[in-house]
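Residue numbers (UniProt numbering): 1 to 212. Yeah, the Cβ is synthetic: ideal placement off N, Cα and C, and Gly gets one too. I have placed the structure first, in the form of structure tokens, so that the comments after it can refer back to it.
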């Protein structure tokens, strides 16, 4: 049963998690606009046109040669997703040792990406609202992918009868996600099945109501 659970948590399930994210509220900050003199207006316009061209790029286009948009990059969303896919293939073959290696690598990449995007968002706060919002969204998305990889890694450890390795990972996800999210609930259920906690979690309003 556990092997089936591990296999079912595929890359498609992970991507579905990221699609259910709440939208980050825009910050009430106006970007600072530098004054433009007649002498440098042409330069500014050319820079704006170049920026527009960049924003219209199709990052999935194989002809796009930006290094960090390629699947073989070690520091990109595409690279992390590739590792997750390879981990799923290893799980389907019950090669849990290889799956563990791939998931640990993916988890590290997603964690680094999330931290870097958040640092950029903080750096541009009060300077450029568009960049700040974009980086916060990227930090949130990669953070979700990190938590999904962490959860699947915990399932692999459980399949290998290593609950002592699974429990810390499950708790990390709950702290990151919040216990009321779908992934948070799944992690707590795993803790309950492992016997680490003895009270099942229910989100019903009566769950915490005192008896009369």
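Beta carbon of residue 113 nearer than 8 Å to that of residue 77: Along the chain shown, one-based indexing puts residue 113 at 113. Along the chain shown, one-based indexing puts residue 77 at 77. Result yes, Cβ atoms of residue 113 and residue 77 sit closer than 8 Å.
Backbone CA spacing between residue 100 and residue 192 [nearest angstrom]: Position 100 of the chain shown, counted from the start, is the residue given in the question as residue 100. Position 192 of the chain shown, counted from the start, is the residue given in the question as residue 192. One Cα belongs to residue 100, the other to residue 192, and the distance between them is close to 23 Å.
Buried or exposed by the 16-neighbour rule on C-beta atoms within 10 Å, applied to residue 88: On the chain shown, residue 88 is found 88 positions in, with the first residue counted as 1. By the 10 Å Cβ count, residue 88 comes out buried.
Stretch pair the stretch 142–160 + the stretch 104–111: three plus CB contacts closer than 8 Å: By the Cβ rule, the stretch 142–160 counts as touching the stretch 104–111, because three or more pairs are nearer than 8 Å.
Alpha-carbon spacing of residue 162 relative to residue 196, whole angstroms: Along the chain shown, one-based indexing puts residue 162 at 162. Along the chain shown, one-based indexing puts residue 196 at 196. In a straight line, the C-alpha of residue 162 is about 13 Å away from that of residue 196.
Within 8 Å, strictly: CB atoms of residue 148 and residue 194: As a first step, residue 148 is located in the chain shown; it is residue number 148 there, counting from the start. As a first step, residue 194 is located in the chain shown; it is residue number 194 there, counting from the start. No, the pair does not count as a contact, with Cβ atoms beyond the cut-off.
Nearest-angstrom beta carbon gap, residue 170 and residue 190 [assumed within contact, 8 Å]: In the chain shown, the residue the question calls residue 190 occupies position 190. In the chain shown, the residue the question calls residue 170 occupies position 170. Correct: roughly 5 Å between the Cβ atoms.
Residues near residue 20 by beta carbon distance below 8 Å, same chain, minus five either side: Numbered from its first residue, the chain shown carries residue 20 at position 20. Below a pLDDT of 50, predicted positions are generally treated as unreliable, and residue 20, at 44, falls in that range; the measurement from the model is reported next regardless. Same-chain partners within the cutoff: 182.
Extent of the continuous alpha helix (DSSP H) to which residue 168 belongs: Stepping through the chain shown from its first residue, residue 168 is reached at position 168. 163–177 is the extent of the alpha helix (DSSP H) around residue 168.
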